[in-house]
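Numbering (my numbering), first residue to last: 76 to 251.
In this text, a Cβ means the ideal position worked out from N, Cα and C, and glycines have one as well.
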Amino acid sequence: MKKFLKIISVIVAIIIAYCAIAMLFFDSKCHNEQSLVINAPKEKVWQNVNSMKAFNTWNPWMKMDPNLIVTYRGTAGEVGDGYHWKGNDDVGEGEQEITAIAPNEKVSTKMHFIKPMDDNATSDLLLTSEGSGTKVTWNIDYEIETLFKPMKPMMTWQMNKSFSEGLGKLKELSEK
Numbered sequence: 076m077k078k079f080l081k082i083i084s085v086i087v088a089i090i091i092a093y094c095a096i097a098m099l100f101f102d103s104k105c106h107n108e109q110s111l112v113i114n115a116p117k118e119k120v121w122q123n124v125n126s127m128k129a130f131n132t133w134n135p136w137m138k139m140d141p142n143l144i145v146t147y148r149g150t151a152g153e154v155g156d157g158y159h160w161k162g163n164d165d166v167g168e169g170e171q172e173i174t175a176i177a178p179n180e181k182v183s184t185k186m187h188f189i190k191p192m193d194d195n196a197t198s199d200l201l202l203t204s205e206g207s208g209t210k211v212t213w214n215i216d217y218e219i220e221t222l223f224k225p226m227k228p229m230m231t232w233q234m235n236k237s238f239s240e241g242l243g244k245l246k247e248l249s250e251k
């Protein structure tokens, strides 16, 4: 029994030390970015990224709640094009809106997460020609509170997984 308690104590001490180090030394700013080359011209890929409705056809988070409520506003494909979502605990509630657009090249958005916690992020979709295809780069920038810094590696892993899934779906749609 003493050996078991020692092992548990060491594990708890390691976890506490990791959390303390992470809170002190991990940056609160987060940046995730992934790219994928799609075998289609920019104009064809653009059709799948140029509005919030188009984005949501391949947005990986849309499928996390089959009862998700989405309300669109603004003019599709223009600055101000946006939507509000409300769903289960997995997707929460929030808003996303286009803040800048460069046809066939870039869509910038801002997000406001309302639930489960109030937070903000910005995101870009960048299209560049690569041979006969299109390189799509998707990025997001956000900040995390000090308390959540120990979870940063897990959050980065999950974000990268979601980006891969979304870009894969975008590739599938654009190459049809």
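Should V120 go down as buried or exposed, given a rule of 16 or more other Cβ atoms within 10 Å for buried? buried
Distance check for T212 and M34, CA to CA, integer angstroms please. Not covered by the structure: residue 34. The range shown for the chain is 76 to 251.
Report task. Within the same chain, show all residues whose beta-carbon is closer than 6 Å to that of P135, passing over the 5 residues directly before and after it, in chain order. Result -> S237, E240, G241
| said: Please state the DSSP three-state secondary structure of V112. | reply: strand
Notebook entry, point to check: Exposed or buried, what is A129 when buried is set at 16 or more other beta-carbons lying within 10 Å of its beta-carbon?
Noted result: buried
If you draw a straight line from the alpha carbon of K78 to that of K104, how long is it in whole angstroms?
41 Å
- Query: Who pairs with L248 in a beta bridge, going by DSSP?
  - Reply: According to DSSP, L248 bridges with nothing at all.
Among the residues of its own chain, which have a CB less than 7 Å from the CB of T150, if the five just before and after it don't count? D156
Next on the checklist: Is the separation between the beta-carbon of T203 and that of K117 shorter than 9 Å?
Outcome noted: yes
Neighbour-count burial assignment, M229, 16 or more Cβ in a 10 Å radius
exposed
**Prompt:** Looking only at C-alpha atoms, which of W160, D194, K190, D164 sits nearest to N131?
**Reply:** W160
Q.
Which runs of the beta strand (DSSP E) at least 3 residues long sit entirely within the segment 158 to 215? Give them in chain order.
A. 168 to 177, 181 to 190, 194 to 205
Using the C-alpha atoms, what's the distance from G243 back to E170?
24 Å
Taking C-beta to C-beta, are P191 and D164 nearer than 9 Å? yes
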